[in-house]
Amino acid sequence: MRRLFELGVVPGEELRVVFNNAGPIVVERSGTRIAIGRGLAARIIVEVIE
Amino acid sequence: MSNPSRAREIVVALAGSPNVGKSTLFNILVGANRFVGNWPGKTVDKYEGFFEHMGYRIRVVDLPGTYSLNALTEEEAIARDYIVSEKPDVIVVVANAVSLETSLYLAVQTLELYDKVIVAINKIDAASRRGIHINTEKISRRLGVPVVAISALKREGIHELTDYIIQVAEGKYPSRKLSLDYGGLGYYAKDLVEALSACKEMSRYPLQWAALRLLEGDVELEQLIKKTGCSSLQVLVEETRKKIEQDLGDPAALITASVRYDFIGKLVAESVTYTSVAGREFTENLDKIFLHPLAGPLASLLLIFAVLVLVLSVNTGFPIKQILELTGNEELAQLFETYTLSSILSSLFDTVSQFVSDFMTSHGAPPYLISLITEGIIGGVGAVLTFLPLIFIVFVAFGFLEDTGLMARIATVYHGLMSRLGASGKALMPLLLGFGCNVPAIMGTKILDTDKEKILVSMIAPLIPCQARLVILLFLASAIPATSTAKIIAVLAVYAYSLLLVAVAAKIASRLMGGGAKTELILELPPYHRPSLKVIWWYAWDNTLHFLKKAGTIIFMLTILVWALLHTGPQGYVQEATDSYARSIGEAITPLTSLIGIQSWQISLALITGFIAKEAVASTLIVMTGATNPSEAVQSLALTPAQLASLMIFTTVYTPCLATVSAFHAQFRDRRLTLILVLYTLIIGTLSASLVYHLLSLVMPG
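Protein sequences appear in the order of chains G and P. Heads up: the first sequence at position 26 corresponds to 26 in the working numbering, and the numbers run straight through without jumps. Position in the second sequence counted from 1, then plus 50, gives you the working numbering.
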């Protein structure tokens with residue numbers, strides 16, 4: 001969890017989903033790509049804005 | 051080994067500017083064993099804590115965050131006073147990799163005052179993400195003290211740092227104070243030093259340093275002079291300061307600061323390099339392949355195999371030579387092997403030792419001396435040197451993968467597979483390298499992020515059958531009275547069994563190390579970089595040197611030791627191993643090897659020589675049976691299929707060769723861990739082989 005915060009994935013932040021296939025999900029936050037395991041990603045609550 | 055109640059205490063002070071991650075490092079080092087107090091007579095909090103490492107009790111004092119040691123602020127005064135009066139065993143100056151230049155200022159100032167210093171460059175992960183690459187080896191050479199790249203947040207490099215702390219505290223690392231060339235200022239300082247030596251109160255400070263500080267203007271030192279009544283000094287200091295400004299045109303403080311920054315500027319220029327980051331579109335397109343659910347793992351695997359084949363074939367011919375042989379191109383395979391780096395090197399060493407041997411014989415040197423020099427010493431040097439190109443090329447390849455950003459993609463797509471073993475996706479790379487040779491596999495664990503993972507992967511990597519074990523397997527399999535298909539199946543079965551062991555050992559080890567839970571992947575994917583040749587060169591060269599210095603000496607000494615075992619016996623120097631102490635050991639352990647169904651001391655002896663290099667099992671057996679080729683040698687031992695199978699399993703699994711053990715020890719320098727590696731492989735090898743022997747004996751008696 002803390003690692004996510006360190007990489008800037010914090011409440012209120014906008015993320016863009018780059019890949020959402022089988023395997024880890026890749027999101028992008030202000031130009032930085034982050035791979036997140038499925039189990040963890042499922043626990044991030046998001047709101048679709050676009 | 052060591053009694054914790056009598057453990058030696060090492061006092062470490064952490065110094066660093068604000069925002070370099072000093073507190074993070076402090077918390078990582080001491081964990082919950084910390085307490086807060088006050089600096090005597092001050093309002094600033096004093097954090098202290100302790101941890102234990104390799105039988106040492108290490109007390110960590112977190113000095114207040116300061117940009118310099120000028121004693122301008124209370125924090126600076128506390129930090130400086132602590133260093134001067136408490137004289138800690140080691141000072142770790144924490145610098146920031148992202149703003150190296152400013153944060154090295156404190157390191158330089160500390161080094162002018164104190165010699166037992168380690169510079170820890172923190173946030174190295176953030177720096178490499180920005181394309182900043184730092185050559186710690188170069189900085190270390192210039193500063194004359196150890197420099198370690200760490201990431202306190204990700205717990206990278208902490209093991210290395212604690213190792214250095216112990217080395218410096220024990221005086222095993224010759225650290226020295228830094229003396230910068232202040233040009234003309236030095237002469238004025240020298241005059242002042244003489245005057246200072248007359249003032250008793252000043253003796254707690256290094257005089258050269260104090261003289262310079264006084265010229266720069268140092269409120270605390272000036273007050274000290276005033277208080278102690280060395281008033282003549284006060285006048286002298288002021289006069290000298292004026293003289294300096296007249297003669298040199300600038301106040302001393304300006305001169306010293308610019309000399310320091312000049313020094314740091316040059317240091318940074320020669321040891322830091324920047325790589326450009328590839329365009330967005332390029333990264334996006336490449337990621338579409340590398341992160342694709344099907345194409346991604348395939349592309350990564352292809353990449354890994356390309357690297358492995360390249361690295362290993364150039365060095366040892368594996369696996370191209372074997373493929374050529376299997377497809378019936380014997381001659382081509384031979385030709386290919388002749389021109390691999392390791393055979394070129396080994397024929398070079400053969401020539402040298404032949405030459406030395408001839409030379410010494412013609413000068414009437416005693417045979418034991420000839421043997422010691424040509425087989426022991428030249429053999430030992432050769433054993434180390436033949437590994438160097440392999441290690442170098444492995445790290446060139448790793449450096450390339452890391453620097454381009456490809457490694458992060460490999461780690462992502464193989465996270466799922468590797469996390470089942472308690473490791474990260476990156477671990478696939480060193481483990482696969484193990485099929486060629488276990489030594490670079492262990493060296494390669496350097497790329498892994500946490501110390502725990504490095505230890506875990508290095509522990510299981512030696513279970514992977516390397517090329518040398520394949521040679522032995524084929525050698526033994528050739529004697530199985532069966533069709534060639536059955537022989538190949540037997541060899542494959544041993545491989546399958548070893549891989550099963552790797553998986554089981556990884557599971558157990560990660561459970562033991564307290565990492566039972568499956569970790570979720572969170573990984574930053576840096577944009578693709580154009581690889582910088584300079585960075586790759588630094589990376590490969592530093593790691594090769596590290597291997598040469600650390601593992602090289604161990605390999606060399608062990609080779610000499612084994613030589614002594616094989617060439618001395620009850621009658622003194624002996625030519626043949628059959629008269630040596632090694633034979634006595636071989637005979638002594640035969641009751642043990644009978645556990646795996648082997649009663650002949652010749653084989654026990656061969657297994658002992660297998661510790662030098664696994665190939666030696668075959669050559670020893672050939673020599674001892676007086677056979678002319680491998681299959682004749684095994685045939686003449688008249689082993690049953692059950693014994694052959696047992697021997698195949700045992701030679702594959704039992705204690706890795708001395709180069710692998712040396713590389714492991716050089717990596718972690720923890721005798722306990724090395725002992726665990728040696729023993730657990732020996733035990734599993736014995737258990738597995740005896741199981742196979744007894745099962746097969748039941749199925750096919752006789």
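Note that beta-carbon positions come from the ideal geometry of N, C-alpha and C, so glycine has one too.
Pull up the distance between the alpha-carbon of residue i and that of residue j, whole angstroms please.
i: Y389 (chain P); j: S669 (chain P); result: 22 Å
i: L438 (chain P); j: L598 (chain P); result: 7 Å
i: A739 (chain P); j: A695 (chain P); result: 8 Å
i: V309 (chain P); j: A303 (chain P); result: 10 Å
i: I497 (chain P); j: D175 (chain P); result: 12 Å
i: I36 (chain G); j: E13 (chain G); result: 16 Å
i: D231 (chain P); j: I305 (chain P); result: 11 Å
i: R191 (chain P); j: H183 (chain P); result: 17 Å
i: Y418 (chain P); j: L616 (chain P); result: 12 Å
i: A147 (chain P); j: S363 (chain P); result: 37 Å
i: R29 (chain G); j: A345 (chain P); result: 25 Å
i: V10 (chain G); j: L4 (chain G); result: 7 Å
i: A567 (chain P); j: Y155 (chain P); result: Confidence at A567 (chain P) is low in this model, with a pLDDT of 44, below 50, so the placement of that residue should be treated as unreliable; the coordinate-derived value is given next. Answer to the nearest angstrom: the Cα atoms are 43 Å apart.
i: D337 (chain P); j: K502 (chain P); result: 29 Å
i: S582 (chain P); j: E187 (chain P); result: 17 Å
i: I141 (chain P); j: I108 (chain P); result: 12 Å
i: V322 (chain P); j: L737 (chain P); result: 51 Å
i: N53 (chain P); j: S560 (chain P); result: Caution applies to N53 (chain P), whose pLDDT of 44 falls short of 50 and renders its modelled position unreliable; the model cannot decide the point.
i: G455 (chain P); j: T462 (chain P); result: 11 Å
i: S282 (chain P); j: L64 (chain P); result: 37 Å
i: Y623 (chain P); j: E425 (chain P); result: 13 Å
On the DSSP letters alone, give me the boundaries of the beta strand (DSSP E) that residue i sits inside.
i: R29 (chain G); result: I25 to R29
i: F47 (chain P); result: The question about residue 47 (chain P) has no answer, for chain P in this structure spans 51 to 752.
i: L573 (chain P); result: I572 to L575
i: R16 (chain G); result: R16 to F19
i: T690 (chain P); result: Counting along the chain, T690 (chain P) falls outside any beta strand (DSSP E), and DSSP gives it neither H nor E.
i: H183 (chain P); result: I182 to I184
i: I45 (chain G); result: Element bounds for I45 (chain G): n/a, residue is neither H nor E.
Taking residue i as the reference, give the member of the options with the closest Cα.
i: K292 (chain P); options: P:C487, P:N365 and P:E266; result: P:E266
i: P347 (chain P); options: P:D720, P:V541 and P:I460; result: P:I460
i: N21 (chain G); options: P:I423, P:L341, P:A202 and P:S321; result: P:L341
i: L571 (chain P); options: G:G39, G:E47 and G:I44; result: G:G39
i: L524 (chain P); options: P:L513, P:A532 and P:I538; result: P:I538
i: R58 (chain P); options: P:V544, P:E220 and P:E289; result: P:E220
i: V755 (chain P); options: P:R205, P:L161, P:Y106 and P:L608; result: An answer regarding residue 755 (chain P) cannot be provided, because it is not within the stretch 51 to 752 covered by chain P.
i: G315 (chain P); options: P:D112, P:S149 and P:M252; result: P:S149
i: V357 (chain P); options: P:L235, P:G466, P:G484 and P:Q296; result: P:G484
i: I275 (chain P); options: P:E295, P:T290, P:L689 and P:C249; result: P:C249
i: A458 (chain P); options: P:L374, P:S469, P:S396 and P:P577; result: P:P577
i: I726 (chain P); options: P:G367, P:L506, P:S178 and P:M479; result: P:L506
Compare the C-beta of residue i with all C-beta atoms of chain G and state if any pair is closer than 8 Å.
i: P531 (chain P); result: no
i: V148 (chain P); result: no
i: A567 (chain P); result: For A567 (chain P), the predicted structure reports a pLDDT of 44, less than 50, and the residue's modelled location is therefore unreliable. The matter cannot be settled from this model.
i: V463 (chain P); result: yes
i: E331 (chain P); result: no
i: I339 (chain P); result: no
i: E574 (chain P); result: yes
i: G234 (chain P); result: no
i: E570 (chain P); result: yes
i: H342 (chain P); result: yes
i: G484 (chain P); result: no
i: M51 (chain P); result: The pLDDT assigned to M51 (chain P) is 41, lower than 50, so where the model puts this residue is not dependable, and the model offers no usable value.
Please check if any C-beta of chain P sits within less than 8 Å of the C-beta of residue i.
i: N20 (chain G); result: no
i: V26 (chain G); result: yes
i: I44 (chain G); result: no
i: R16 (chain G); result: no
i: I49 (chain G); result: no
i: G12 (chain G); result: no
Over what stretch of residues does the alpha helix (DSSP H) that includes residue i continue unbroken?
i: I208 (chain P); result: I208 to A219
i: H744 (chain P); result: R721 to V749
i: V144 (chain P); result: It is not in any alpha helix (DSSP H) - V144 (chain P) instead sits in the beta strand (DSSP E) that spans V140 to N146.
Could you tell me which whole alpha helix (DSSP H) segments of length 4 or greater appear in the segment 634 to 688 of chain P? Taking only runs of at least 4 residues, the alpha helix (DSSP H) segments lying wholly in the segment 634 to 688 of chain P are 651 to 659, 666 to 675 and 680 to 686.
Ordered list of alpha helix (DSSP H) runs contained in the segment 348 to 406 of chain P, each at least 4 residues: Segments of the alpha helix (DSSP H) lying fully in the segment 348 to 406 of chain P: 370 to 376 and 380 to 388.
Would you list, in sequence order, the uninterrupted beta strand (DSSP E) runs of no fewer than 3 residues that lie entirely inside the segment 56 to 128 of chain P? Listed in chain order, they are 59 to 66, 84 to 88, 95 to 103 and 106 to 112.
Return the chain-ordered ranges of every alpha helix (DSSP H) run that is complete within the segment 593 to 628 of chain P and spans a minimum of 4 residues. Those alpha helix (DSSP H) runs which fall completely within the segment 593 to 628 of chain P and span 4+ residues are 602 to 617.
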